[in-house]
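Undergrad: One point on numbering: in this note's numbering, the residue at position 432 of the sequence shown is 424, and numbering is uninterrupted. Yeah, the Cβ is synthetic: ideal placement off N, Cα and C, and Gly gets one too. Computed from a predicted structure; not experimentally measured.
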Amino acid sequence: MAMATATMMMSRMMNMPPSSSSSSSTPSSSSSPLATQSLSTPSSPSSSRQASSLPLRTIPGSYGWPLIGPISDRLDYFWFQGPDTFFRSRMEKHKSTVFRTNVPPSFPFFLRVNPNVIAIVDCKSFAHLFDMEIVEKKDVLVGDFMPSVGYTGNTRVCAYLDTSEPKHAQLKNFSLDTLKRSSKVWVAELQANLDKFFDTVESEISTNGTSSFFSHLQTFLFYFLSKSLLGADPALDPAVANSGPLTINLWLGLQLLPTVPVLAFQPLVEIFLHSYTYPSALVSGGYQKLYSFIEQHGKEVVQRGEQEFGLSASDTINNLIFTLGFNAFGGFSLFLPTLIGIIASDKTGLQARLRDEVKQVCGSSSSGLSFDSLKDMELVNSVVYETLRMNPPVQLQYARARKDFQLASHDSAFDIKKGELLCGYQPLAMRDSNVFDEPESFKPDRFVGKGKELLNYLFWSNGPQTGSPTESNKQCAGKDFVTMSASLIVARMFQRYNSISGDSGKITAIEKIAAENIYYIFSEQITDRTCHRALNNGKGKKERNTFSTNFLPIRPWWMPRVMPCQHVADFPKLQLLLASVLLSKVLQSAFRYPHLPLDHALHNLQNIHIQLSRNQPYQNINKIQNHQYHPEMKSFAR
């Protein structure tokens, strides 16, 4: 029951606007509005000049009567309209992307919380939220409301600190260093735990016909993130291994409940969930288990926080729990189901295009996946970026005016007074038609080629995607790890599967790639290791630059055991022999794997034929590319 409640809590927290059903499977040829309009961030030298050149306008909207205005807006936000309609309707009513309104939480039991905000829903004005010269971020992570520090071990963690506070630099640099060090094991841990996740999903589909994968996804995330970020294996602590995801779900849900829309069970939700805070004591036991787990099994990272960054052990561990639970586990739990759902429900041919790109760049072996390999997967990366644009994990971003300044939208300038709270609603800002062409449509190729310029206006990480997190800003320290991890997950998915069907809540069908790829059935004969063993394998001068045929499963009587050869194409008979060996392995595998398409074999034989004809070294024969079948190879195979 507790697990079901926590899972429902996380599902409600997702509450993202639906992605557009209008998806494009072909590269976009339409020009971006950026071609005709120049946008600059507030920190750019031209920002103040642009604001002064725009007509000055009084910020429209109002906060209404005391008590009545906030409670009315709260009911609209949580119950009658929902967040998207709430902001969109007010934008249309005031004919402005900057306006005054109230956001929850509010009356009756949040007397110290001021719900008055200046809402921002366009891309240009949204960028002011990242300019630390004009705004501050002290205790405004989720608005004027701040959960009790009891939820974070009586510590104000880095997310609630402003850049002007001395401890912010210590904690931010510690986070950046932890991520940098984790990069050494990040990909390996992601792949190992991701394959376990996929195996579980496959097993569940074979048994039940469908897989509600959310709980399995969270188990994968908890193990992968714990081992990568903390250097701590949950398997060493059975209590944490069994309850970790549930503990974090409850911890997240209870502290954020006053701000999270739950569009069901009204008015009970308003009465029992949105009217007061829940005490941190409800999750203190689980939190202490996580604390002890890190203290015992993550000693290395804790000691580094103390010795290299001057942090106390408690500050280090509490911030690590927040990074693990809130930033990483919570963020991925919101984002990945949406990403999987968009891909699994696509009917436009996107999956085939993703699969082809992945195969071309890194083949079917997980060893081909790396951070570097992602540089050549433009479509995979673009799909991840477009998902973040359409469905940002964090919908609201806040900042408080550090001083009086003028905020510039596309068509007007507005006077902002020191102390006023700015509230950016990201789903609308990321659908700004002045920046994004067809903003309501999911366009997989939006960020491919010249579209990469639009990454300057992708703000999901509390800053532009092209920005860099530093101690002087509040941009997510793991910004690049999030996007690269998501791309690696998509790439691995299409190394394992031809296609996948489902939505953001369940996977209903998968089509596996039979035996991964026929090439790897006989890959023990065609690997770099084998080739280096066969070529130049002798220690004496007489045996250098020779090719040993002992490892081949078939060796004609006329073929000597040692042959002079540096390149396969140097010896036509050897070329024919290798093709014969490969064909024999194909025929053997046909009996062993009767479900394997023969086209896979023909494809790989043709690739090898092309490699040989180009006089390429045998050592590189496993790095094959996609080519059309050669007629001679079909007849040869027959």
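When you compare the region 399 to 418 with the region 360 to 378, are there three or more beta-carbon pairs, one atom per stretch, that lie closer than 8 Å?
TA: no
Undergrad: Per DSSP, what kind of secondary structure is A405 in: helix, strand or coil?
TA: Counted from its first residue, the sequence shown places residue 405 at position 413. Three-state DSSP puts A405 in a strand.
Undergrad: Closer than 8 Å is the cut-off here; do at least three beta carbon pairs connect the region 318 to 327 with the region 232 to 252?
TA: In this structure the region 318 to 327 lies against the region 232 to 252, because at least three pairs of beta carbons, one per stretch, are closer than 8 Å.
Undergrad: Would you decide whether N459 is buried or exposed? Buried here means 16 or more other CB atoms lie within 10 Å of its CB.
TA: To locate residue 459, count along the sequence shown from 1; it is residue 467. Asn is not the amino acid found at residue 459; the sequence shown has Gly there. When all chains shown are included, G459 counts as buried.
Undergrad: I need the straight-line Cα distance from E298 to S477, nearest angstrom please.
TA: Walking along the sequence shown from the start, residue 298 turns up at place 306. Walking along the sequence shown from the start, residue 477 turns up at place 485. Straight-line Cα distance between these residues: approximately 29 Å.
Undergrad: Pull up the distance between the alpha-carbon of D495 and that of I332, whole angstroms please.
TA: As a working note, residue 495 is residue 503 in the sequence shown. As a working note, residue 332 is residue 340 in the sequence shown. C-alpha separation (whole angstroms): 7 Å.
Undergrad: For S14, does the count of other Cβ atoms within 10 angstroms reach 16, so buried, or fall short, so exposed?
TA: The sequence position of residue 14 within the sequence shown is 22, counting from 1. Confidence is the limiting factor: at S14 the pLDDT is only 40, short of 50, which leaves the residue's position unreliable, though a coordinate-based value still follows. When all chains shown are included, S14 counts as exposed.
Undergrad: Any heavy atom of the ligand ADP closer than 7 Å to the Cβ of I502?
TA: The model depicted lacks the ligand ADP and carries no ligand whatsoever.
Undergrad: Tell me, which residues are paired with G53 by DSSP?
TA: Within the sequence shown, residue 53 is the residue found at index 61, counting from 1. Per DSSP, R92.
Undergrad: Would you kindly check if the distance between the Cβ of A501 and the Cβ of S493 is under 8 Å?
TA: Taking the sequence shown and counting its residues from 1, the one referred to as residue 493 is at position 501. Taking the sequence shown and counting its residues from 1, the one referred to as residue 501 is at position 509. Contact flag set, yes.
Undergrad: Go through the region 304 to 364 residue by residue and report every complete run of the alpha helix (DSSP H) that reaches 4 residues or more, in order.
TA: 305 to 314, 323 to 336, 342 to 354
Undergrad: According to the Cβ coordinates, are F206 and V193 closer than 8 Å?
TA: To locate residue 206, count along the sequence shown from 1; it is residue 214. To locate residue 193, count along the sequence shown from 1; it is residue 201. It is not a contact, given that the beta carbons lie outside the stated cut-off.
Undergrad: Look at the alpha carbon of K351 and the alpha carbon of G360, and state the distance between them as a whole number of angstroms.
TA: On the sequence shown, residue 351 is found 359 positions in, with the first residue counted as 1. On the sequence shown, residue 360 is found 368 positions in, with the first residue counted as 1. The straight-line gap from Cα to Cα measures roughly 10 Å.
Undergrad: Less than 8 Å between the C-beta atoms of N373 and F327, yes or no?
TA: As a first step, residue 373 must be located in the sequence shown, where it is residue number 381. As a first step, residue 327 must be located in the sequence shown, where it is residue number 335. Contact: no.
Undergrad: List the whole-angstrom C-beta distance separating N94 from G61, where the pair is believed to meet the contact cut-off of C-beta under 8 Å.
TA: If you number the sequence shown from 1, residue 94 lands on position 102. If you number the sequence shown from 1, residue 61 lands on position 69. Right, the Cβ-Cβ distance comes to about 6 Å (below 8 Å), so this counts as a contact.
Undergrad: Between which residues of its own chain and P456 is the CB-CB distance below 8 Å, once the five residues before and five after are set aside?
TA: Here the question's residue 456 lines up with position 464 in the sequence shown. Contacts found: T33, A119, F122, L447, N448, Y449, L450.
Undergrad: DSSP three-state label for V232, please.
TA: Translated into the one-based positions of the sequence shown, residue 232 becomes position 240. Three-state DSSP puts V232 in a helix.
Undergrad: Between L413 and I240, what straight-line distance do the alpha-carbon atoms span, to the nearest angstrom?
TA: Here residue 413 corresponds to residue number 421 of the sequence shown, with the count starting at 1. Here residue 240 corresponds to residue number 248 of the sequence shown, with the count starting at 1. C-alpha separation (whole angstroms): 29 Å.
Undergrad: Where do the ends of the beta strand (DSSP E) carrying A501 lie?
TA: Counting from 1 along the sequence shown, the entry for residue 501 is found at position 509. Per DSSP, A501 belongs to the beta strand (DSSP E) from 499 to 504.
Undergrad: Is DSSP giving L420 helix, strand or coil here?
TA: To locate residue 420, count along the sequence shown from 1; it is residue 428. Here L420 sits in helix by DSSP.
Undergrad: Going by the beta-carbon positions, is the gap between H160 and L153 smaller than 8 Å?
TA: The residue labelled residue 160 in the question sits at position 168 within the sequence shown. The residue labelled residue 153 in the question sits at position 161 within the sequence shown. Yes.
Undergrad: With distances taken Cα to Cα, identify the nearest neighbour of V179 among S362, L133, C468.
TA: Here residue 179 corresponds to residue number 187 of the sequence shown, with the count starting at 1. Looking at the Cα atoms, S362 is the closest of the given residues.
Undergrad: Checking the sheet assignment: what are the DSSP bridge partners for I110?
TA: Sequence index remark: in the sequence shown, residue 110 carries index 118 (1-based). Note: I110 sits in a beta bridge opposite R92, L414.
Undergrad: Taking 8 Å as the cut-off, decide whether the C-beta atoms of P96 and F72 are in contact.
TA: Translated into positions along the sequence shown, residue 96 becomes position 104. Translated into positions along the sequence shown, residue 72 becomes position 80. Against a cut-off of 8 Å, the Cβ pair of F72 and P96 comes out as no contact.
Undergrad: Please classify N454: does DSSP put it in a helix, a strand, or coil?
TA: In the sequence shown, counting from the first residue as 1, residue 454 sits at position 462. Correct three-state label for N454: coil.
Undergrad: Looking at V127: is its Cβ nearer than 8 Å to the Cβ of A336?
TA: Position 135 of the sequence shown, counted from the start, is the residue given in the question as residue 127. Position 344 of the sequence shown, counted from the start, is the residue given in the question as residue 336. Cβ atoms of V127 and A336: not closer than 8 Å.
Undergrad: Name the two residues that bound the continuous beta strand (DSSP E) containing G494.
TA: Here residue 494 refers to the residue found at position 502 when the sequence shown is read from its first residue. That run of the beta strand (DSSP E) goes 489 to 494.
Undergrad: Near S306, what residues of its chain come up, given a Cβ to Cβ distance below 8 Å and the 5 sequence neighbours on each side ignored?
TA: Start at 1 with the first residue of the sequence shown, and residue 306 comes out as number 314. The answer, listed in chain order, is G145, T147.
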